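Colleague:
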Amino acid sequence: MRRSQLAARFVAMVAATAATIATAHHSLSGQFDVSKSFEITGVVSRVEWVNPHTQLFVDVKQPNGSMLTYKLESLPVAMMRKAGLSKGELIGDGRPVVIQAYPSRSGVPTLGYLLHLKLADGREIQFSRVPGAEQP
Amino acid sequence: MLNRGRPAPGAAAPEQPKLKGEYLTRYQAWQKEARENNGQARKEVSNCMPPGMPNMMGTAQYPIEFLFTPGRVSTHHEAWMQSRAIFTDGRGHPDDLDPAVFGHSIGKWEGDTLVVDTIGIKTVTELGAGIKHSDQLHVTERIHLAKDDANLLVDEMTLEDPLALEVPYHRLFTFKRERDENLLEFVCAENDRNPVGSDGITKFK
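Residue numbers (this note's numbering), protein chains in the order written: chain A, 10 to 145; chain B, 1491 to 1695.
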């Protein structure tokens, strides 16, 4: 290791850690029903590219012509990057995307946790579950 | 694809801590309660409480930066914006040590390996989800680049606790170098979509 370097930056990669990594700051299964999923097709209107979690806003056209905006929780920024997704790619170009999500336990139908994303260019991304959603 | 933290296919299963006494019974009770509550686990601290030592070395969802300055190695963690000070100026641990969430760390170089000794970790932190430790927890780390890959940093951690652990518990953390990015801020009080109800259950809004 060159000690003359002032800084070396490393991205934490997953490793053989025992037990579980520190619980997420909240429990996924407590807020979302991880036994169900729903699907929507819509246009991503906004992306919150922030820590601790990114968030997608998706406008879905309703049968009566009105627009309903869904709010989907997703991964931390660093994990999105590791998955090869940038904010720009998530915002897309206005073409519809297809999303599968865990529904919120609160009963609000427009809230969910992102599970699967099919981009307009056909690329599909499967999001695995967040540590902390697992039973110990 | 997203990597959840499982070892590579064919790798040995990670070591499990061998807890003892009240630390074992407390953990078993915690596990039982979580199983009976949809995987929701009880916690004694706020959702914004950082993991501290030792789990801060294992937050795979967020990158870590290592900075080397004379007499000290510092770590900056994107997760909860935590940081560690590892004193390499030859000092020992203070006699009148006050426990801290990040403990007190001293390090020395053995060739290209940084050997870090940490004590004084507050008992509010955990060894793993739901696993408590005593004030006697002693953490030793051997931090070095992988022999065959200068872009892989390895932290071999040994945890000893005469009150909580039957035998030393080993954890291994690896980190892939990323040169082109900077840490993003993580201000826990912001972007808070998880209010806690009066029933103590974390919601999502």
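Virtual Cβ for every residue (Gly too), placed ideally from N, Cα, C.
Just so you know, these numbers come straight off a predicted model, no measurement behind them.
Does any CB atom of chain A fall closer than 8 Å to the CB of B:G1529?
Modeller: Against the second sequence, residue 1529 of chain B aligns to sequence position 39. It does: the Cβ of B:G1529 has a partner Cβ on chain A nearer than 8 Å.
Colleague: Is B:I1691 close to chain A? Criterion is C-beta to C-beta, closer than 8 Å.
Modeller: Along the second sequence, read from residue 1 onward, the residue named residue 1691 of chain B stands at position 201. So yes, B:I1691 belongs to the interface.
Colleague: Measure the beta-carbon distance from B:L1635 to B:L1642 and round it to whole angstroms, keeping in mind my assumption that it falls under 8 Å.
Modeller: The residue labelled residue 1635 of chain B in the question sits at position 145 within the second sequence. The residue labelled residue 1642 of chain B in the question sits at position 152 within the second sequence. So it is a contact: roughly 7 Å between Cβ atoms.
Colleague: Does the beta carbon of A:L123 come closer than 8 Å to any beta carbon on chain B?
Modeller: Mapped onto the first sequence, residue 123 of chain A falls at position 114. So no, A:L123 is outside the interface.
Colleague: Just to make sure I have the definition right: I need the residues of chain B whose C-beta is within less than 7 Å of the C-beta of A:Q40. Which are they?
Modeller: In the first sequence, the residue the question calls residue 40 of chain A occupies position 31. Ordered by position in chain B, the residues that pass the 7 Å Cβ test against A:Q40 are T1692, K1693 and F1694.
Colleague: Within a Cβ cutoff of 6 Å, which residues of the same chain sit near A:L120, ignoring the five residues on either side of it in sequence?
Modeller: Here residue 120 of chain A is taken as the residue at index 111 of the first sequence, counted from 1. K80 and S113.
Colleague: Check for me: the alpha helix (DSSP H) holding B:L1514 runs from which residue to which?
Modeller: One-based indexing of the second sequence puts residue 1514 of chain B at position 24. Looking at the DSSP string, the run of the alpha helix (DSSP H) that includes B:L1514 is G1511 to R1525.
Colleague: Using a 10 Å radius around the Cβ and a threshold of 16 neighbouring Cβ atoms, would you call B:S1595 buried or exposed?
Modeller: Position 105 of the second sequence, counted from the first residue, corresponds to residue 1595 of chain B. The residue in question, B:S1595, is buried, as its Cβ has 16 or more Cβ neighbours within 10 Å.
Colleague: Which word fits B:T1648, buried or exposed, when buried means at least 16 other C-beta atoms lie within 10 angstroms of its C-beta?
Modeller: Residue numbering aside, residue 1648 of chain B sits at position 158 when the second sequence is read from its first letter. Classification for B:T1648: exposed.
Colleague: Going by CA-CA distance only, name the one from A:V59, A:G103, A:V117 and A:V56 that's closest to A:D130.
Modeller: Numbered from its first residue, the first sequence carries residue 130 of chain A at position 121. Comparing Cα-Cα distances from A:D130 to each of A:V59, A:G103, A:V117 and A:V56, the minimum goes to A:G103.
Colleague: For the stretch 47-90 of chain A, which segments carrying the alpha helix (DSSP H) assignment without a break, of at least 4 residues, lie completely within its bounds, in sequence order?
Modeller: Fully enclosed alpha helix (DSSP H) runs of 4 or longer: not present.
Colleague: Check each residue of the stretch 53-72 of chain A: if its Cβ is closer than 9 Å to any Cβ of chain B, include it; give the result in chain order.
Modeller: Cβ contacts with chain B: E57, W58, V59, N60, P61, H62 and Q64.
Colleague: DSSP three-state call for B:E1646: helix, strand or coil?
Modeller: Along the second sequence, one-based indexing puts residue 1646 of chain B at 156. DSSP places B:E1646 in strand when its eight states are reduced to three.
Colleague: Could you give the C-beta distance for B:N1672 and A:S38, rounded to a whole number, given that I count them as a contact under 8 Å?
Modeller: Looking up residue 1672 of chain B in the second sequence gives position 182. Looking up residue 38 of chain A in the first sequence gives position 29. That pair is no contact at about 33 Å.
Colleague: From A:I30 to B:P1507, what does the alpha carbon distance come to, in whole angstroms?
Modeller: Taking the first sequence and counting its residues from 1, one reaches residue 30 of chain A at position 21. Taking the second sequence and counting its residues from 1, one reaches residue 1507 of chain B at position 17. Low confidence applies to A:I30: its pLDDT is 31, below 50, so where it sits in the model is not reliable, and the reading given next is rough at best. Rounded to whole angstroms, A:I30 to B:P1507 spans 13 Å at the Cα level.
Colleague: What residues are listed by DSSP as bridge partners for B:T1603?
Modeller: Within the second sequence, numbered from 1, the residue matching residue 1603 of chain B stands at position 113. Per DSSP, B:E1600.
Colleague: What first and last residue would you give for the alpha helix (DSSP H) that runs through A:L37?
Modeller: The residue given as residue 37 of chain A occupies position 28 in the first sequence. That run of the alpha helix (DSSP H) goes L37 to Q40.
Colleague: For B:D1625, which residues of its own chain have a beta-carbon under 7 Å away from its beta-carbon, when the five flanking residues on both sides are left out?
Modeller: If you number the second sequence from 1, residue 1625 of chain B lands on position 135. Around B:D1625: P1589 and T1613.
Colleague: So B:M1546 and B:E1675 are in contact, right, with Cβ under 8 Å, and what is the actual spacing, rounded?
Modeller: Taking the first residue of the second sequence as 1, we reach residue 1546 of chain B at position 56. Taking the first residue of the second sequence as 1, we reach residue 1675 of chain B at position 185. Not really, about 17 Å apart at Cβ, beyond 8 Å.
Colleague: With burial defined as no fewer than 16 other Cβ atoms inside 10 Å of the residue's Cβ, what is the status of B:A1501: buried or exposed?
Modeller: The residue you call residue 1501 of chain B lines up with position 11 of the second sequence. Result: exposed.
Colleague: Could you check what DSSP says for A:K127 in three-state terms: helix, strand or coil?
Modeller: Looking up residue 127 of chain A in the first sequence gives position 118. Strand, per DSSP.
Colleague: What is the rounded straight-line gap between the Cα of A:S95 and the Cα of A:G101?
Modeller: Taking the first sequence and counting its residues from 1, one reaches residue 95 of chain A at position 86. Taking the first sequence and counting its residues from 1, one reaches residue 101 of chain A at position 92. Their Cα atoms are separated by approximately 10 Å.
Colleague: How far does the beta strand (DSSP E) with A:I134 in it reach, from first residue to last?
Modeller: Reading the first sequence from its first residue, position 125 is the one you call residue 134 of chain A. Taken as a continuous stretch (DSSP letters only), the beta strand (DSSP E) holding A:I134 covers E133 to Q135.
Colleague: Scan the stretch 1563-1631 of chain B and note each continuous beta strand (DSSP E) run of 3 residues or more that stays entirely inside, going in chain order.
Modeller: For the stretch 1563-1631 of chain B, whole beta strand (DSSP E) runs of length 3 or above, ordered along the chain, are 1573-1577, 1594-1600, 1603-1609 and 1616-1618.
Colleague: Can you pull the chain A residues whose beta carbon is under 7 Å from the beta carbon of B:L1587, in chain order?
Modeller: By 1-based counting over the second sequence, the position of residue 1587 of chain B is 97. Going along chain A, no residue has its Cβ under 7 Å from B:L1587, so there is no contact; the nearest lies around 24 Å.
Colleague: Between which residues of its own chain and B:V1562 is the CB-CB distance below 8 Å, once the five residues before and five after are set aside?
Modeller: Numbered from its first residue, the second sequence carries residue 1562 of chain B at position 72. Just to set this straight, residue 1562 of chain B is Arg in the shown sequence, not Val. Cβ within range, chain order: A1575, I1576, F1577, T1578 and D1579.
Colleague: Using a Cβ-Cβ cut-off of 6 Å (strictly less than) and excluding sequence neighbours within five positions of B:D1639, which residues of its own chain qualify?
Modeller: Here residue 1639 of chain B corresponds to residue number 149 of the second sequence, with the count starting at 1. If we look at B:D1639 and ignore the five residues flanking it on each side, it has no Cβ neighbours.
Colleague: In chain order, what residues of the stretch 92-126 of chain A put their CB closer than 7 Å to some CB of chain B?
Modeller: Residues A92, S113, S115 and L120.
Colleague: Rounded to whole angstroms, what is the Cα-Cα separation between B:L1662 and A:P72?
Modeller: By 1-based counting over the second sequence, the position of residue 1662 of chain B is 172. By 1-based counting over the first sequence, the position of residue 72 of chain A is 63. Roughly 53 Å separates the two Cα atoms.
Colleague: Would you mind working out which of B:K1666, B:G1690 and B:H1623 sits nearest B:K1510, comparing C-alpha positions?
Modeller: Counting from one through the second sequence, the residue named residue 1510 of chain B turns up at place 20. Comparing Cα positions, the closest option is B:H1623.
Colleague: According to the neighbour-count rule (16 or more other Cβ atoms, all chains shown, within 10 Å of its Cβ), is A:A33 buried or exposed?
Modeller: Position 24 of the first sequence, counted from the start, is the residue given in the question as residue 33 of chain A. Confidence in A:A33 is poor, its pLDDT being 40 and thus under 50, which makes the residue's placement unreliable; the coordinate value appears in the next sentence. Buried, because 16 or more other Cβ atoms sit within 10 Å of the Cβ of A:A33.
Colleague: Between the alpha carbons of B:R1683 and B:R1581, how many angstroms are there, rounded?
Modeller: Counting from 1 along the second sequence, the entry for residue 1683 of chain B is found at position 193. Counting from 1 along the second sequence, the entry for residue 1581 of chain B is found at position 91. Roughly 43 Å separates the two Cα atoms.
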